[in-house]
Amino acid sequence: MILLNPGPVNVSERVRKALTFPDMCHREPECAELIQNIRQKLLKAFVPGAESEYTAIILTGSGTAAVEAAVLSCLPVGKRVLTVNNGVYGQRISDIVASQRLGVPEIKLEWDEVPDPEKIRTALKHHPEVQTLALVHHETTVGLINPVNEIAQIVDDMGRVCVVDSVSGLGGEALQVAGSHMYVVAGTAGKCIQGFPGVSFVLIRRGFIERVSKYPKRSMYLNLPRYFEAQEQGTVPFTPAIQVYAAFNEALSELLEEGVKNRIKRYATSAAFLRDQLAALGVKTLLPAERQSNSLTSFFLPDGRTYQELHDGLKERGYVIYAGQGLLSNKIFRVANMGNLTQADFEGFVSAFKEII
Ligand SMILES: *Cc1c(COP(=O)(O)O)cnc(C)c1O
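Using full-length UniProt numbering, the first residue of the sequence shown is number 1, and each one after it goes up by one.
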């Protein structure tokens, strides 16, 4: 089955084989070595040239675990979080913040709307109690890219901390983590890094994690300093999903061999191909080109077609697409191009699509 949903993604045989590596105890040095390898590769991939300024913290759990750990761990006592909400995942951050009553009124936008960095500057001026600005890099809800580098710069200039959910961004979209003083970025194995779901991570500035260690522990399980301190000592606080970690380690080797820039270029080329081919069939995209990501496209449903018909016809032919959410659920369908996919896979999808319509 070819997965054209935004994670879990199709993985290579090499990554799949890594799942079957020898049984291992998580309290033995082999496991410590595996985790150190993953951490180093993450830094090499996402903060090249600034590896010594950052650290990577690995968690067992889907992407949301990393986002929740980042948001709840990185806030000093008495301070608040301001969330930018222009999609389901921005809403999820707001829900995390609300679960602990740590928020101020969010910046709420339409799903196709990009936040204005100057409005964020103004909001931060009006809210001295806000220490964290949290937002999503690639809003997977519709496939929209938020201007996180520009926003992170403003947030840093104002002495606040930008916490970024790049769960569906890292590996597929350019992100200047070190250059724009982005202190905290959450990611996952099972999307553009082309591993399996079940392991996620947070990239965090070294100086900052020292400070975070003194902040209130708002969760027992999802507390970043707990993982950081254990991982620095070559151990882990809880039983990790070791086999999934081994596959993640292999997926990171693949990413470094391909090169992050080349991976991004490959995704951009595939997305452009899908958009051109469907445009030729009269299928329109929800977003204008300049707001679209490299790895997911929201298309309007062709006239007279329901999502279910389209989905079922494609699935019969071996392709899984993804539904729209909320008010868009009967208007759009989503096609992701993340994962170990080839041009032939995309051509096959386009032929199947033509057959159906
Ligand atoms: C997939 C995704 C997540 C995490 O979802 P999980 O189901 O927990 O892996 C978070 N943020 C964004 C933007 C995502 O696309």
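By construction, the Cβ of each residue, glycine as well, lies at the ideal position given by its N, Cα and C atoms.
As the structure is a computational prediction, the values presented were derived from the model and not from experiment.
{"query": "Selected residue, minimal CA-CA separation from threonine 235, among Pro29, Ala352, Cys192", "result": "Pro29"}
{"query": "Where arginine 39 falls, given that 16 or more other Cβ within 10 Å makes a residue buried", "result": "buried"}
{"query": "Any non-hydrogen atom of ligand 1 closer than 7 Å to valine 164 Cβ", "result": "no"}
{"query": "beta-carbon serine 94 near ligand 1 non-hydrogen atom, thresh 7 Å", "result": "no"}
{"query": "Residues that cysteine 162 bridges to, as DSSP identifies them", "result": "Leu133"}
{"query": "Cut-off 8 Å between Cβ atoms - residues of its own chain near valine 71, not counting five sequence neighbours on either side", "result": "Val81, Ile93, Ile96, Val97, Thr132, Ala134, Val163"}
{"query": "Nearest-angstrom Cα separation, counted from arginine 121 out to arginine 16", "result": "45 Å"}
{"query": "Inter-residue spacing [alpha-carbon to alpha-carbon] between arginine 206 and alanine 50", "result": "11 Å"}
{"query": "Histidine 126, buried or exposed, once every other Cβ within 10 Å from all chains shown has been counted against 16", "result": "exposed"}
{"query": "Three-state secondary structure assigned by DSSP to asparagine 149", "result": "helix"}
{"query": "Spatial neighbours of tyrosine 183 in its chain, beta-carbon cut-off 6 Å, leaving aside the 5 residues before and after", "result": "Val161, Arg205, Phe208"}
{"query": "Own chain partners of methionine 1 with C-beta closer than 7 Å, once the 5 adjacent residues on each side are dropped", "result": "Gly318, Val320"}
{"query": "Test item: CB-CB of isoleucine 165 and valine 67 under 8 Å", "result": "Reading off the sequence shown, one finds aspartate at residue 165, where the question assumed isoleucine. Contact: yes."}
{"query": "Identity of the residue in Val142, Leu102, Glu129, Asn85 nearest glutamine 116 by Cα", "result": "According to the sequence as given, residue 116 is aspartate; it is not glutamine. If we check each option's Cα against that of aspartate 116, Asn85 comes out closest."}
{"query": "Any beta strand (DSSP E) of 3 or more consecutive residues that is wholly inside the segment 161-199", "result": "161-165, 184-188"}
{"query": "Ordered list of beta strand (DSSP E) runs contained in the segment 279-317, each at least 3 residues", "result": "296-300"}
{"query": "Ligand 1 heavy atom lying under 7 Å from the CB of glutamate 139", "result": "yes"}
{"query": "heavy atom of ligand 1 below 7 Å from threonine 60 C-beta", "result": "no"}
{"query": "The beta strand (DSSP E) enclosing leucine 59, as first and last residue numbers", "result": "54-60"}
{"query": "Test item: CB-CB of asparagine 340 and alanine 271 under 8 Å", "result": "no"}
{"query": "Extent of the continuous alpha helix (DSSP H) to which residue 369 belongs", "result": "The structure shown has nothing for residue 369, since the chain only spans 1 to 357."}
{"query": "Sequence-distant residues of its chain with Cβ nearer than 7 Å to alanine 241 (five each side left out)", "result": "Thr60, Gly198, Val199"}
{"query": "Which of helix, strand or coil DSSP assigns to lysine 108", "result": "strand"}
{"query": "Close Cβ partners of glycine 172 (< 8 Å) along its chain, the five nearest in sequence each way excluded", "result": "His138, Lys191, Cys192, Arg263, Ile264, Tyr267, Ser293, Asn294, Ser295, Met338"}
{"query": "Beta-carbon separation (whole angstroms), glutamine 243 vs valine 9, contact threshold 8 Å", "result": "The Cβ separation is near 17 Å, so there is no contact."}
{"query": "Glutamine 176, buried or exposed, once every other Cβ within 10 Å from all chains shown has been counted against 16", "result": "exposed"}
{"query": "Proximity test, valine 177 beta-carbon vs ligand 1 heavy atom, cut-off 7 Å", "result": "no"}
{"query": "Any non-hydrogen atom of ligand 1 closer than 7 Å to threonine 188 Cβ", "result": "yes"}
{"query": "Bounding residues of the alpha helix (DSSP H) (the contiguous stretch that carries alanine 66)", "result": "63-73"}
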